[in-house]
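First the structure, in the form of structure tokens, and then the observations on it.
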Amino acid sequence: MAIRKILTQGDPVLNKICHPVTKFDDKLADLLDDLRETLDNAKGVGLAAPQVGILRRAVIVVPDPETEEMIELVNPEIVAQEGEEDGWEGCLSLPGMWGRVKRPKWVKVRAQDRQGNWFETEGAELAARCFCHELDHLDGHMYDEHTDRLYTSEEVDAMMTEEESESHKGRRRRR
Ligand code: NI
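Numbering-wise, the sequence shown is residues -2 to 172 according to the numbering used here.
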């Protein structure tokens, strides 16, 4: 396993459409292991293969930051969604910045695991946001396309009362 370099906005790789994964081999396992280690090291809640320069449809998400459990999604697709929710979003490829983005309140995702077996998973609120954000990366999209403006961490903190800031600290994690 190795920690890979996370590309930041401006790198053209982040705006490319990723290819489906067709081989469920050791190379894919290595990529997923590296994504896990890179995400853990960056203390984020999601990471997509293009963020480390690999144009393949593979992402890691942490649907519940409390448990920190990582889910691997290969060739993921959103197959159902409900509702809408406005919330803060950040990205490891846009360090230090935050934006308000509208996402579905609930989504169901169909994906393959590292052996190629199809499965379904679902998530609400933060988890739904995380799934949508990561899947966007696979089509070359960044969250700043869905928001009017970006804020620095200091601006976000200044906009919240101290109490709100405490309760939101854990929620404002980058993907
Ligand atoms: Ni991101």
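Where is the CB? At the ideal position from N, CA and C, for every residue including glycine.
With distance defined between alpha-carbon atoms, name the residue in A46, R170, V76, W103 nearest to K2. A46
Using the beta-carbon count (16 or more within 10 Å), is P92 buried or exposed? exposed
Whose C-alpha, out of Q112, Y148, Y140, is nearest the C-alpha of K20? Out of Q112, Y148, Y140, Q112 has the C-alpha closest to the C-alpha of K20.
For D31 and V49, the rounded distance between their alpha carbons: 9 angstroms
Shortest alpha-carbon distance to T35 belongs to which of E142, E152, L147, V56? V56
Quick check: the region 133 to 153 against the region 3 to 14, are at least 3 beta-carbon pairs closer than 8 angstroms? Yes, the region 3 to 14 touches the region 133 to 153.
What does the shell around the ligand NI hold, if a residue joins when its beta-carbon is under 5 angstroms from any heavy atom? Any residue whose Cβ sits closer than 5 angstroms to a heavy atom of the ligand NI makes the list: C88, R172.
Any idea which residues DSSP pairs Y140 with across the strands? None, per the DSSP bridge assignment.
Could you work out which residue in L89, K105, R100 is closest to T144 when comparing CA atoms only? R100
From G120 to G7, what does the alpha carbon distance come to, in whole angstroms? Rounded to whole angstroms, the gap between the alpha carbons of G120 and G7 is 30 angstroms.
For K105, which three-state DSSP category applies? strand
Please go through the region 6 to 62 and give each complete beta strand (DSSP E) segment of 3 or more residues, from N-terminal end onward. 43 to 45, 55 to 58
So if DSSP puts D83 in a beta bridge, which residue, or which two residues, is it bridged to? K99
Identify the residues that DSSP records as bridge partners of L70: which are they? V56
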